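Trainee: The following block contains the structure, expressed as structure tokens.
Residue numbers (the numbering used here): 2 to 424.
Right, dumping it as structure tokens:
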């Protein structure tokens with residue numbers, strides 16, 4: 002795998018959540034991409050390159066996992082015929098057999114060996130196509146692309162799969178209606194963008210934590226005096242404890258324990274403290290596994306956008322504070338069940354950031370650079386590598402830079418939110 006001038010191999014990781022029927026987070030599908038695969042038509046050993054990306058990327062994603070979660074990892078034909086997958090832990094990693102895999106004797110032998118070693122196997126993108134009977138027999142989880150199956154044909158297909166005894170995962174579930182239809186048909190796992198779309202319920206009031214977030218956002222959207230910020234945090238025993246726990250974690254490697262909130266704020270600095278506090282408030286406003294996954298995505302996106310400004314060229318660089326806030330706000334409509342216009346009207350935002358959030362400006366317009374940054378972050382999250390490459394070129398950021406910030410933001414979001422969710 003080719004390295005950048007700085008020696009960093011640009012590995013991108015996209016995580017797509019998988020929920021169970023009660024909307025508890027079951028795990029994630031991991032999607033990877035490295036620059037060599039993306040930019041060159043020929044690779045001396047594509048499977049070895051992919052294996053390296055998977056191994057390095059899985060180790061990084063593992064740090065963001067909570068106990069009891071699973072990771073679906075795509076396995077192309079070549080990797081299934083080799084020993085690469087056995088380097089990943091069977092209790093966490095579920096090899097996902099891609100739709101391009103042919104059930105050759107070598108592949109079937111390898112899959113049987115994996116099952117004997119304790120691996121759960123998933124079959125990807127099944128829509129009833131013939132020729133996969135041998136793979137269906139071995140699959141513990143069958144992923145059905147519910148968008149690719151005609152609605153009238155879906156019940157019969159599901160009934161035939163139930164007879165095999167495998168667990169069924171509905172993928173590409175785009176809205177709440179499709180989720181409930183698949184649930185009624187007997188699917189037990191669900192994947193798709195339905196979890197990220199706001200469901201506005203007329204007359205519903207935000208919770209106390211959500212109301213606090215909405216009230217404090219205007220106060221935290223710009224610079225604050227550190228001592229005043231420390232006093233504000235100090236009035237809340239829970240926030241004080243969490244800040245001290247955060248600053249005294251191994252992440253900072255301090256040699257002396259910090260026991261004062263004001264001292265913690267001064268050590269962290271005003272902007273990092275404000276960033277941490279915004280992430281904590283958003284986490285508190287989240288309800289259930291769906292809400293916490295939305296929080297993770299928003300916090301990671303915010304941190305990525307903030308970090309990226311440090312190396313962006315002057316023509317496309319924006320204030321890191323503003324970019325962090327934009328990333329955080331970009332998930333608030335789904336989290337609170339409000340329209341984005343309602344979220345935006347409550348805050349003192351610049352016009353270009355408000356337009357980017359509401360989707361009312363042209364992504365390619367030089368007058369709406371924030372929209373390009375936001376689209377870049379979401380493209381990376383959705384594994385839309387073609388879109389990401391196009392926007393990176395427009396913003397003047399290299400793949401290596403973006404991959405580094407993307408990885409750093411994943412670890413930062415995991416550590417900040419894990420620290421707060423597990424006191």
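Quick reminder that beta carbons are idealized off the backbone N, C-alpha and C, glycines included.
These figures come from a predicted structure and were not determined experimentally.
1. CA-CA distance, residue 383 and residue 373?
2. Helix, strand or coil: how does DSSP classify residue 94 here?
3. Does the beta-carbon of residue 30 have 16 or more other beta-carbons within 10 angstroms, so that it is buried, or is it exposed?
4. If we count the other Cβ atoms within 10 Å of its Cβ and call it buried at 16 or more, is residue 16 buried or exposed?
5. Among all the DSSP beta bridges, which residues are the ones paired with residue 20?
6. Can you list, in chain order, the residues of its chain whose CB lies under 6 Å from that of residue 104, leaving out five sequence neighbours each side?
7. One question on the structure: do residue 406 and residue 305 come within less than 8 Å of each other, judged by their Cβ atoms?
8. Spatial neighbours of residue 418 within its chain, please: CB distance less than 8 Å, with the 5 preceding and 5 following residues excluded, ordered by chain position.
9. Could you tell me if residue 20 is buried or exposed, where buried requires 16 or more neighbouring beta carbons within 10 angstroms of its beta carbon?
10. Excluding the five sequence neighbours on either side, which residues of its own chain have a C-beta within less than 7 Å of the C-beta of residue 69, listed in chain order?
11. DSSP on residue 144, reduced to helix/strand/coil?
12. Is the region 242 to 252 close to the region 263 to 271, with three or more CB pairs under 8 Å?
13. Based on DSSP bridge pairs, tell me the residues matched to residue 1.
14. Who are the near neighbours of residue 60 in its chain, counting only those whose CB is closer than 8 Å to its CB and skipping five residues on each side?
15. Where does residue 331 land, buried or exposed, given buried means 16+ other C-beta within 10 angstroms?
16. Compute the Euclidean distance between the alpha carbons of residue 308 and residue 151, then round it to the nearest angstrom.
17. Mapping DSSP to helix, strand and coil, what is residue 47?
18. So, for residue 180: in the same chain, excluding its five sequence neighbours on each side, which residues have a beta-carbon less than 7 Å away from its beta-carbon?
19. According to the neighbour-count rule (16 or more other Cβ atoms, all chains shown, within 10 Å of its Cβ), is residue 118 buried or exposed?
20. May I have the straight-line CA-CA distance separating residue 399 from residue 223, to the nearest angstrom?
21. Which residue's Cα is closest to the Cα of residue 397: 325, 311, 410?
22. Apart from the five residues just before and just after residue 100, which ones in its own chain have a Cβ nearer than 6 Å to its Cβ?
23. Out of 187, 302, 106, which one is the CA nearest neighbour of residue 160?
24. Which partner residues of residue 170 appear in the DSSP bridge assignment?
25. In chain order, which continuous runs of the alpha helix (DSSP H) of length 4 or greater are located wholly inside the region 331 to 373?
26. Using a threshold of 8 Å, state whether the C-beta atoms of residue 93 and residue 76 are closer than that.
27. Considering only heavy atoms of the ligand COA, does any lie closer than 7 Å to the CB of residue 240?
28. Residue range of the beta strand (DSSP E) that residue 123 falls in?
29. Can you tell me whether DSSP reads residue 209 as helix, strand or coil?
30. From residue 13 to residue 278, what does the alpha carbon distance come to, in whole angstroms?
31. Could you check if residue 36 is buried or exposed, using at least 16 other CB atoms within 10 Å of its CB as the buried criterion?
32. Return the bridge partner residues of residue 74 from the DSSP annotation.
33. At which residues does the alpha helix (DSSP H) containing residue 113 begin and terminate?
34. Give every residue of the same chain whose Cβ lies closer than 6 Å to the Cβ of residue 65, excluding the five residues on either side of it in the sequence, and list them in chain order.
35. Measuring only the C-alpha atoms, how far is residue 413 from residue 154?
Mentor: From the atom records:
1. Counting from 1 along the chain shown, the entry for residue 383 is found at position 382. Counting from 1 along the chain shown, the entry for residue 373 is found at position 372. Approximately 15 Å, taken between the alpha carbons.
2. Locating residue 94 in the chain shown gives position 93, where the first residue counts as 1. DSSP places residue 94 in strand when its eight states are reduced to three.
3. Counted from its first residue, the chain shown places residue 30 at position 29. So residue 30 ends up on the buried side.
4. The residue given as residue 16 occupies position 15 in the chain shown. Label assigned to residue 16: buried.
5. In the chain shown, counting from the first residue as 1, residue 20 sits at position 19. Paired residues: 26, 191.
6. As a working mapping, residue 104 is identified with position 103 in the chain shown. Counting only Cβ-Cβ distances below 6 Å, and skipping sequence neighbours, we find 135, 136.
7. Working through the chain shown from its first residue, we reach residue 406 at position 405. Working through the chain shown from its first residue, we reach residue 305 at position 304. Against a cut-off of 8 Å, the Cβ pair of residue 305 and residue 406 comes out as a contact.
8. By 1-based counting over the chain shown, the position of residue 418 is 417. Only 280, 284, 293, 296, 297, 300 meet the Cβ criterion.
9. By one-based count along the chain shown, residue 20 stands at place 19. Buried: at least 16 other Cβ atoms inside 10 Å.
10. The residue you call residue 69 lines up with position 68 of the chain shown. None.
11. As a working mapping, residue 144 is identified with position 143 in the chain shown. In the structure shown, residue 144 sits in a strand (DSSP, three-state: E or B).
12. yes
13. Since the first residue of the chain shown is 2 and the last is 424, residue 1 is not available in this structure.
14. Residue 60 sits at position 59 when you count from the first residue of the chain shown. There are no such residues.
15. Residue numbering aside, residue 331 sits at position 330 when the chain shown is read from its first letter. Counting Cβ neighbours within 10 Å, residue 331 comes out buried, since at least 16 surround it.
16. Locating residue 308 in the chain shown gives position 307, where the first residue counts as 1. Locating residue 151 in the chain shown gives position 150, where the first residue counts as 1. Looking at the two C-alpha atoms, the distance is approximately 44 Å.
17. For the purposes of this step, residue 47 is taken as the residue at position 46 of the chain shown. Below a pLDDT of 50, predicted positions are generally treated as unreliable, and residue 47, at 48, falls in that range; the measurement from the model is reported next regardless. Residue 47 falls in the helix class under three-state DSSP.
18. For the purposes of this step, residue 180 is taken as the residue at position 179 of the chain shown. Cβ within range, chain order: 174, 191, 195.
19. Taking the first residue of the chain shown as position 1, residue 118 is located at position 117. Exposed, since its Cβ has fewer than 16 Cβ neighbours within 10 Å.
20. Here residue 399 refers to the residue found at position 398 of the chain shown. Here residue 223 refers to the residue found at position 222 of the chain shown. Taking the straight line joining both Cα atoms gives about 29 Å.
21. The residue you call residue 397 lines up with position 396 of the chain shown. Looking at the Cα atoms, 311 is the closest of the given residues.
22. Taking the first residue of the chain shown as position 1, residue 100 is located at position 99. So the qualifying residues of the chain are 125, 126.
23. Walking along the chain shown from the start, residue 160 turns up at place 159. Nearest of 187, 302, 106 to residue 160, Cα basis: 187.
24. One-based indexing of the chain shown puts residue 170 at position 169. Paired residue(s): 144, 190.
25. 333 to 337, 341 to 346, 352 to 359
26. Here residue 93 refers to the residue found at position 92 when the chain shown is read from its first residue. Here residue 76 refers to the residue found at position 75 when the chain shown is read from its first residue. Contact: no.
27. In the structure shown, the ligand COA is absent, as is every other ligand, since no ligand is present at all.
28. Stepping through the chain shown from its first residue, residue 123 is reached at position 122. Residues 123 to 127.
29. Counting from one through the chain shown, the residue named residue 209 turns up at place 208. Residue confidence is low: residue 209 scores 48 on pLDDT, short of 50, so the model does not pin down where it sits. No coordinate-derived value is stated.
30. Counted from its first residue, the chain shown places residue 13 at position 12. Counted from its first residue, the chain shown places residue 278 at position 277. Going from the Cα of residue 13 to the Cα of residue 278 covers about 27 Å.
31. Counted from its first residue, the chain shown places residue 36 at position 35. At residue 36, the pLDDT of 43 sits below 50, so the modelled position is not reliable; the number obtained from the coordinates is stated separately. So residue 36 counts as buried.
32. By one-based count along the chain shown, residue 74 stands at place 73. 31, 96.
33. Taking the first residue of the chain shown as position 1, residue 113 is located at position 112. Unbroken alpha helix (DSSP H) run through residue 113: 106 to 117.
34. Working through the chain shown from its first residue, we reach residue 65 at position 64. 411, 415.
35. Here residue 413 refers to the residue found at position 412 when the chain shown is read from its first residue. Here residue 154 refers to the residue found at position 153 when the chain shown is read from its first residue. Cα to Cα, the separation comes out at about 44 Å.
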